[in-house]
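Below is one structure; the comments refer to it alone.
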Amino acid sequence: SNLILILDVSGSCKNASEMMLVFMHAMKEVFPGGCKTYAFTNRLYDISKFFDTDNPNETVKSVLDAIPRSGAYSNYEVPFRTFYNEHMSEVTGDSYIYFIGDARNNKNASGEDYVKAIARKAKKAFWLIAICRISSGVVGVPPFTSIVSGLAQYRQRNGHPCRKTTSRRPGPSNVPILS
Numbered sequence: 038s039n040l041i042l043i044l045d046v047s048g049s050c051k052n053a054s055e056m057m058l059v060f061m062h063a064m065k066e067v068f069p070g071g072c073k074t075y076a077f078t079n080r081l082y083d084i085s086k087f088f089d090t091d092n093p094n095e096t097v098k099s100v101l102d103a104i105p106r107s108g109a110y111s112n113y114e115v116p117f118r119t120f121y122n123e124h125m126s127e128v129t130g131d132s133y134i135y136f137i138g139d140a141r142n143n144k145n146a147s148g149e150d151y152v153k154a155i156a157r158k159a160k161k162a163f164w165l166i167a168i169c170r171i172s173s174g175v176v177g178v179p180p181f182t183s184i185v186s187g188l189a190q191y192r193q194r195n196g197h198p199c200r201k202t203t204s205r206r207p208g209p210s211n212v213p214i215l216s
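Going from the sequence shown to the numbering used here is simple: count from 1 and add 37.
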């Protein structure tokens with residue numbers, strides 16, 4: 038099996054993205070078939086090379102320093118289209134795909150068709166919903182819930198680190214939030 042991780046590193050996902058980059062660093066040791074890592078705000082970056090170090094904190098800093106995030110707002114359609122057009126050959130029937138982000142797309146196209154195509158080709162696809170800073174109270178999850186195999190939410194409350202909860206059957210009404 039191989040693992041492909043696609044992470045939103047925009048401002049609204051800052052705390053979750055730092056935590057998930059450490060998680061991604063650990064996953065490279067677990068998957069003998071390889072672990073490809075990508076990050077995005079409004080465009081996709083292959084960040085796999087940053088995981089060559091043994092120091093996860095160095096990896097997190099290097100990734101977040103390399104990706105322009107100031108003034109860049111999430112646009113899910115562009116990175117998903119880029120992944121589909123340039124990296125689909127990495128997805129096989131043995132691939133596990135994790136999309137990680139808050140799915141707030143700033144009124145841009147969702148890229149739902151690209152997510153469907155990627156998920157269809159993979160063995161399993163999951164969406165980890167980062168809800169560490171919500172200013173509007175709206176999370177754009179519904180377009181993706183019927184596509185992926187499962188959902189998990191991460192939420193920060195009262196300054197505590199994000200914590201995880203999962204749902205086996207995706208859907209807006211049955212994706213619990215641990216708070």
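Beta carbons: idealized from backbone N, C-alpha and C, even for Gly.
Residue 112 classed as buried or exposed, judged by whether at least 16 other C-beta atoms fall within 10 angstroms: Sequence index remark: in the sequence shown, residue 112 carries index 75 (1-based). By the 10 Å Cβ count, residue 112 comes out buried.
Reduced DSSP secondary structure (H/G/I, E/B, other) of residue 122: Within the sequence shown, the letter at position 85 stands for residue 122. Secondary structure at residue 122: helix, using DSSP grouped into helix, strand and coil.
N-terminal and C-terminal residue of the alpha helix (DSSP H) that residue 53 is part of: Reading the sequence shown from its first residue, position 16 is the one you call residue 53. Residue 53 -> alpha helix (DSSP H) spans 51-67.
Continuous beta strand (DSSP E) stretch holding residue 73: start and end: Position 36 of the sequence shown holds residue 73. Counted as a single uninterrupted DSSP element, the beta strand (DSSP E) harbouring residue 73 occupies residues 72-77.
Local conformation of residue 113 per DSSP, three classes: Residue mapping note: residue 113 aligns to position 76 of the sequence shown, counting from 1. Coil.
Reduced DSSP category for residue 156 - H, G, I as helix; E, B as strand; rest coil: Within the sequence shown, the letter at position 119 stands for residue 156. Looking at residue 156 - three-state DSSP - the assignment turns out to be helix.
Span separating the alpha-carbon of residue 124 from that of residue 49: What you label residue 124 is simply residue 87 of the sequence shown in a count that begins at 1. What you label residue 49 is simply residue 12 of the sequence shown in a count that begins at 1. One C-alpha to the other measures close to 26 Å.
Residue 217 versus 62, 92 and 115, residue with shortest Cα-Cα distance: Any question about residue 217 goes unanswered here, given that the chain covers just 38 to 216.
Beta-carbon gap between residue 101 and residue 64 smaller than 9 Å: Counting from one through the sequence shown, the residue named residue 101 turns up at place 64. Counting from one through the sequence shown, the residue named residue 64 turns up at place 27. No, Cβ-Cβ distance for residue 101 and residue 64 is not below 9 Å.
Three-state secondary structure assigned by DSSP to residue 162: For the purposes of this step, residue 162 is identified with residue 125 of the sequence shown, where counting begins at 1. Three-state result, residue 162: strand.
Cβ-Cβ distance between residue 97 and residue 145 below 9 Å: The count along the sequence shown starts at 1 and reaches residue 97 at position 60. The count along the sequence shown starts at 1 and reaches residue 145 at position 108. Note that the C-beta distance between residue 97 and residue 145 is not below 9 Å.
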